[in-house]
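Below: the structure, in structure tokens.
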Amino acid sequence: MFPGEMAPKMVIHNGGCHCKRVRWQAKAPTSVVAWICNCSNCSMRGNTHFIVPSDKFELLGDSNEFLTVYSFGTHTAKHMFCRTCGITSFYIPRSNPDGYAVTVRCVDPGTLSHVEIKQFDGKNWERSYDQTGIVSCSKVQD
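Structure below.
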């Protein structure tokens, strides 16, 4: 944030999977930066996500009972999906293992006012990680 800028308005975004067995809350601004990644997993799923620090994300109710985890490669990313409907509404990304990647289209309507889209070149992961500044997305902003 630059001097004189107002802090972004933070809200609770609710969301989850298609069958609603997995439900969560994420505290984030009404206007977010979302990432489209072309890695082998994200490109197949057509995923667009924004990242929140882990302390700004909460699974609700018995959601954990309905989650299955898929991991590959470095096994840093934890791709969580509903074992009933198969939707990945959030996951722990390799770029930000201290946060959660929230799937934009899985946020309930009404709390996102603007989504800025940025590209992450997952096919050239290390270079993109160094160039995009994505690592800062999971850090708590004061």
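Under this note's numbering, the first residue of the sequence shown carries the number 465, and numbering increases by one thereafter. We treat Cβ as the ideally placed atom computed from N, Cα and C, and that holds for glycine.
- Look at R558 here: in three-state DSSP terms it is coil, with no helix or strand label.
- Collapsing the DSSP output to three states places V599 in a helix.
- As computed with DSSP, P517 is found in a beta bridge with G563.
- The DSSP assignment places 487-493, 495-501, 512-517, 521-523, 531-534, 542-546, 554-556 as complete runs of the beta strand (DSSP E) inside the segment 481-560, in order along the chain (cut-off: 3 residues).
- The C-beta distance from P472 to S495 rounds to 6 Å, short enough to fall under 8 Å.
- Contact between the segment 516-532 and the segment 542-554 is present: three or more C-beta pairs spanning the two stretches fall below 8 Å.
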